[in-house]
Amino acid sequence: MPRLLHSLGLDSIATAADMNRNVLCTSNPIESELHRQAYEYAKKISEHLLPRTRGYLDMWVDGKKVQSSDDFLQEGEPILGKTYLPRKFKTAVVIPPLNDVDCYGNDLDFVAVSDGNGQLAGFNVLAGGGLSTEHGNGNTKTYPNISLELGFVPPEHALKAAEAVVTTQRNFGNRSHRKNDRTRYTIQNMGLDNFRTEVERRMGMPFKPIRPFKFTGRGDRIGRVKGIDGNWHLTLFIESGRLVDEGGKQLLTGVLEIAKIHKGGFRITANQNLIVANVPEGGKARIEQLARSYGLIRDGVSKLRENAMSCVSFPTCPLAMAEAERVLPDFIGELDKIMAEHGASDDYIVTRITGCPNGCGRAMLAEIGLVGKAVGRYNLHIGGDREGVRIPRLYKENITLPEILSELEDLIGKWAAGRDTDEGFGDFAIRTGIVKPVLDAPVDFWDASKAVPIARA
661 MPRLLHSLGL DSIATAADMN RNVLCTSNPI ESELHRQAYE YAKKISEHLL
711 PRTRGYLDMW VDGKKVQSSD DFLQEGEPIL GKTYLPRKFK TAVVIPPLND
761 VDCYGNDLDF VAVSDGNGQL AGFNVLAGGG LSTEHGNGNT KTYPNISLEL
811 GFVPPEHALK AAEAVVTTQR NFGNRSHRKN DRTRYTIQNM GLDNFRTEVE
861 RRMGMPFKPI RPFKFTGRGD RIGRVKGIDG NWHLTLFIES GRLVDEGGKQ
911 LLTGVLEIAK IHKGGFRITA NQNLIVANVP EGGKARIEQL ARSYGLIRDG
961 VSKLRENAMS CVSFPTCPLA MAEAERVLPD FIGELDKIMA EHGASDDYIV
1011 TRITGCPNGC GRAMLAEIGL VGKAVGRYNL HIGGDREGVR IPRLYKENIT
1061 LPEILSELED LIGKWAAGRD TDEGFGDFAI RTGIVKPVLD APVDFWDASK
1111 AVPIARA
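In the numbering used here, the protein residues as written are 661 to 1117.
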């Protein structure tokens, strides 16, 4: 398989190991000219940070190397060096006002800034986000954190900025403890100002002040969106991203049938959904008819369900501590009932379940986040926000799903009755003092009494 991919100009490189992983970007690059330009830079950043090794092409037969990656090596590792990075490194590019890639959860983020005329003026650069942690039990040295602002760069300096952040992490990251080796810990150890200064030194130029930006949401827009090329892009809601034929549903078959007549492409979103991209006006009705007939378009799916997410957990993941994907549908069904009882069915709460504290379900950026603790038991976090810019606070520890639903029935009732106009559940929980906000995760994630506002830039 690696040889076949290589012959086609494809590979699976940078999907694991201590290097920059593939760069994440908003999934529809032709929604606007700004989207198109930002997507092009996402590709440039990804290609620039790729390792040059072709070690995955080594082939061994009966203990003998019959094909060597040395045959394909073009150059050394100018960015990763001989040591590579202390740990994995994640990068994302996002176009406000939609934070559909959860940009605050990555080691490095580029926030696209418009010049006011729909063209790319440059990027706000953020660093130090990450969602994995370890369960407490007295260990408070790991924590999730949102990425912090470094500054603004024009487009032509985006690659310099990316390389400078990566090499700073390469040289200053903690190599003695893999639980404290991500970029957020490097920034904590160095201090944000010192980290920024080192990045600027490596860039050969200072950052400019951050340009104003604001996120208003982060969920996918389910349904049709028209692109600047006149084609349509149909986003299909796929619960937990699982395309299968089971339980009376034929989702995978439906996608295959669409693929038989569709001349455009398919795009997977960071919210686990699927975009049927580049659909011409004349093909729109037929593709939507197929999608509906196979259950890929369904009436009555709540906003709560559309904004929910889980990791795969059991039985796929060896790190799983509790169920996630397999319990999410029924759990959301119970929350839907609670929302209906309190007259909030037309609203939503960003709800996520992750099977262990490594955080692949991104529960540490949810309004309601469940983190697997043991079989059938979870830590319940609340107080994140809809835009994905705040870490939720631990509310109850090591409780069962029925206990969680009981807690949430009371809290959702209070929110539905006492919220301000357009106030999200997480914001309500903070405003009314149900939980204190996580303001400085290294200091107050494990100790709410230390939650004191700090300057972020």
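All C-beta atoms in this analysis are idealised placements derived from N, C-alpha and C, irrespective of residue type, glycine included.
Note that the structure is a prediction, hence the values are computed from the model and not measured.
Cα-Cα separation, residue i to residue j
| i | j | result |
| --- | --- | --- |
| Arg1037 | Leu1068 | 15 Å |
| Gly1019 | Pro1097 | 19 Å |
| Val785 | Arg696 | 19 Å |
| Ile957 | Gly1048 | 27 Å |
| Gly914 | Gly890 | 25 Å |
| Arg1012 | Leu995 | 12 Å |
| Ala980 | Asp880 | 27 Å |
| His817 | Ala674 | 23 Å |
| Gly788 | Ala1111 | 19 Å |
| Leu912 | Tyr954 | 9 Å |
| Thr827 | Arg835 | 14 Å |
| Asp1100 | Tyr764 | 14 Å |
| Gly993 | Leu668 | 44 Å |
| Arg871 | Gly790 | 23 Å |
| Arg603 | Asn854 | Lying before the first or after the last residue shown, residue 603 is absent from the chain, which here runs from 661 to 1117. |
| Pro978 | His795 | 17 Å |
| Gly741 | Thr1081 | 53 Å |
| Ser774 | Pro1062 | 47 Å |
Cβ neighbours of residue i in the same chain (closer than 6 Å, five flanking residues each side left out)
| i | result |
| --- | --- |
| Gly833 | Pro746, Asp841, Thr846 |
| Thr793 | Thr802, Tyr803, Pro804, Pro1017 |
| Gly778 | Glu693, Leu694 |
| Ser1109 | none |
7 Å Cβ shell around residue i - same chain, five flanking residues per side excluded
| i | result |
| --- | --- |
| Arg852 | Per the sequence shown, residue 852 should be read as Leu rather than Arg. Around Leu852: Leu808. |
| Gly925 | Ala937, Asn938 |
| Asp762 | Arg878, Ala930, Arg1022, Leu1025, Gly1048 |
| Ile755 | Thr686, Leu694, His695, Ala698, Ala772 |
| Asp1087 | Asp1045 |
Pick from the options that is closest to residue i, judged by C-alpha positions
| i | options | result |
| --- | --- | --- |
| Asn797 | Lys1033, Ile1064, Ile870 | Lys1033 |
| Val753 | Ser774, Tyr701, Tyr1008, Asn931 | Tyr701 |
| Ile739 | Tyr764, Cys763, Thr713 | Thr713 |
| Gly1003 | His795, Ala945, Arg1079, Asp959 | Arg1079 |
| Val825 | Met999, Leu1099, Lys909, Asn766 | Asn766 |
| Ile1028 | Lys725, Asp1006, Ile1051 | Ile1051 |
| Phe873 | Ser973, Asn1039, Phe770, Gln848 | Phe770 |
| Ala1076 | Arg830, Leu1061, Thr1092 | Thr1092 |
| Glu966 | Val726, Asn933, Arg838 | Asn933 |
| Arg663 | Asn682, Trp720, Cys971, Pro689 | Trp720 |
| Glu941 | Ile928, His922, Asp959 | His922 |
| Ala919 | Gln848, Glu1057, Gly901, Gly943 | Gly943 |
| Arg927 | Lys750, Leu1099, Asn688 | Asn688 |
| Phe812 | Glu906, Leu665, Pro866, Tyr1055 | Pro866 |
| Thr743 | Leu665, Arg830, Leu668 | Arg830 |
| Ala1089 | Asp1006, Asn854, Leu1054 | Leu1054 |
| Val885 | Asp905, Glu948, Leu810 | Glu948 |
| Lys909 | Ile935, Ile888, Ala951 | Ala951 |
Close beta carbons around residue i, own chain, < 8 Å, minus the five adjacent residues each side
| i | result |
| --- | --- |
| Leu819 | Lys704, Ile705, His708 |
| Ile1072 | Leu995, Ile998, Met999, His1002, Ala1004, Ile1009, Phe1085 |
| Gly877 | Pro757, Leu758, Asn759, Arg1046, Glu1047 |
| Ile1042 | Glu1027, Ile1028, Gly1029, Pro1052, Arg1053, Tyr1055, Leu1071, Phe1085, Gly1086, Ala1089, Ile1094, Val1095 |
| Asn682 | Ala674, Thr675, Ser706 |
Local Cβ density within 10 Å of residue i, reported as buried at 16 or more and exposed below that
| i | result |
| --- | --- |
| Leu670 | exposed |
| Ala1115 | Residue confidence for Ala1115 is low, a pLDDT of 49 falling below 50, so the modelled location carries little weight; the figure read from the coordinates is stated next. Counting Cβ neighbours within 10 Å, Ala1115 comes out exposed, since fewer than 16 surround it. |
| Ala1117 | At Ala1117 the pLDDT is 44, less than 50, meaning the model places this residue with poor confidence; the figure from the coordinates comes in the next sentence. Exposed. |
| Val1095 | buried |
| Thr895 | buried |
| Pro869 | exposed |
| Ala821 | buried |
| Asp1104 | buried |
| Ala676 | exposed |
| Asp1070 | exposed |
| Met661 | exposed |
| Asn680 | buried |
| Pro815 | buried |
| Leu964 | buried |
| Lys750 | buried |
| Leu1030 | buried |
| Asp1007 | buried |
Per DSSP, cross-strand counterpart(s) of residue i
| i | result |
| --- | --- |
| Asp905 | Gln910 |
| Lys944 | Answer is none; Lys944 lacks a bridge partner. |
| Ala822 | Its beta-bridge partners do not exist; DSSP assigns none. |
| Arg893 | Per the sequence presented here, residue 893 reads as His, with Arg not at that position. In DSSP, His893 forms a bridge with Val885. |
| Gln727 | Met719 |
| Ile1028 | Thr1011, Ile1042 |
| Thr1060 | Arg1037 |
| Lys750 | Per DSSP, none; premise fails for Lys750. |
Cβ-heavy atom distance, residue i to the ligand HEM, below 7 Å
| i | result |
| --- | --- |
| Asp1045 | The ligand content of the structure shown is nil, which means the ligand HEM is not present either. |
CB contact check: residue i to chain D, cutoff 8 Å
| i | result |
| --- | --- |
| Cys971 | Structure shown: chain D not included; a single protein chain is present. |
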